[in-house]
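**Student:** Right, I'll just put the structure down here and ask away after.
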């Protein structure tokens, strides 16, 4: 369980310190920190990184990943806005170093393939900076025309050409978008830099969030395959099920994944 973390989005109704306490009491040693107040922000006026780091240390938690939204501004046709987005990316990477986080989540512009040629040069600069600081940048699989399409993502990763820029693999999100997660992992196998795990059931395009006893996603296969691919990063559990409060559900998730 040393590589398992929890996405703080499950506890976004709590202040950061209270959320960290719940996560630690559930048994976890790492947190995947959401870039949304009251947990964390890239804006110094909204967030004091020293205070966040101190709160994490208080409960023995390592901040493993920053769930940022950086990269969205790269799709702009305004160079000044793209430069501003690059500075924000650099700040996210700098804060990852400060917190000791292995990775950050990034966005593929506006998630429209039409923006790819505009965003590639900016992600190349970002990847160079990330590589110099040994911080990975991962685009999370969602339902967009880029983020939900393994082939388009793989093409983007190839254009940028950095081992520090790749996919944040999320099987449930892929299935919700109608993409089979076994297939997607095969396509993106050389580009996995981080992983988020939700629990769910159903067919591609018709998934429902669940608790562990109803989960149909084959996580033993996912873990085994990632291991064979040489993935050495963390696995962040992302609790968004509405049927039970995270405060009581997270200990159950801890035990379920511990059993794997």
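Numbering (the numbering used here), first residue to last: 7 to 266. Glycine included, each C-beta is placed from N, C-alpha and C at the ideal position.
1) Taking all protein chains shown into account, do 16 or more other C-beta atoms lie within 10 angstroms of the C-beta of residue 238, making it buried, or fewer, making it exposed?
2) Go through its chain and collect everything with a Cβ distance to residue 257's Cβ below 6 Å, but skip five positions before and after it.
3) How far does the beta strand (DSSP E) with residue 139 in it reach, from first residue to last?
4) If you draw a straight line from the C-alpha of residue 211 to the C-alpha of residue 182, how long is it?
5) Quick check on residue 189: buried or exposed, where buried means 16 or more other Cβ atoms within 10 Å of its Cβ?
6) Is the beta carbon of residue 119 less than 9 Å from the beta carbon of residue 151?
7) Measuring alpha carbon to alpha carbon, tell me which of 10, 127 and 65 ends up nearest residue 27.
8) Beta-carbon separation of residue 71 and residue 107 under 9 Å?
9) Run through the DSSP bridge pairs and tell me what residue 111 is partnered with.
10) Report yes if the CB atom of residue 77 is closer than 9 Å to the CB atom of residue 122, and no otherwise.
11) To which residues does DSSP link residue 200 through a beta bridge?
12) Say whether the segment 56 to 64 touches the segment 14 to 29, bearing in mind that this needs 3 or more beta-carbon pairs closer than 8 Å, one atom from each stretch.
13) Would residue 153 be called buried (16 or more neighbouring beta carbons within 10 Å of its own) or exposed?
14) Can you tell me which residues form a DSSP beta bridge with residue 13?
15) Return the residue from the list 104, 92 and 101 that minimises the CA-CA distance to residue 115.
16) Are residue 105 and residue 144 close, meaning C-beta to C-beta below 9 Å?
17) I'd like the list of long-range same chain contacts for residue 43, defined as Cβ closer than 6 Å, with 5 residues on each side in sequence excluded.
18) Report all residues from its chain with a CB closer than 7 Å to the CB of residue 38; omit the five preceding and five following residues, and keep chain order.
19) Residue 217 and residue 205 - do their beta-carbons sit closer together than 9 Å?
20) How is the beta strand (DSSP E) around residue 207 delimited, first residue to last?
21) Near residue 97, which residues of its chain fall below 6 Å by C-beta distance, leaving aside the five closest residues on each side in sequence?
22) In this structure, how does DSSP classify residue 71 when only helix, strand and coil are distinguished?
**Tutor:** On the basis of the supplied data:
1) exposed
2) 32
3) Looking at the DSSP string, residue 139 is not in any beta strand (DSSP E); the run it does join, the alpha helix (DSSP H), is 122 to 139.
4) 5 Å
5) exposed
6) yes
7) 65
8) yes
9) 144
10) no
11) 174
12) yes
13) buried
14) 38
15) 92
16) no
17) 52
18) 11, 12, 13, 14, 70, 71, 73 and 242
19) yes
20) 206 to 209
21) 48
22) strand
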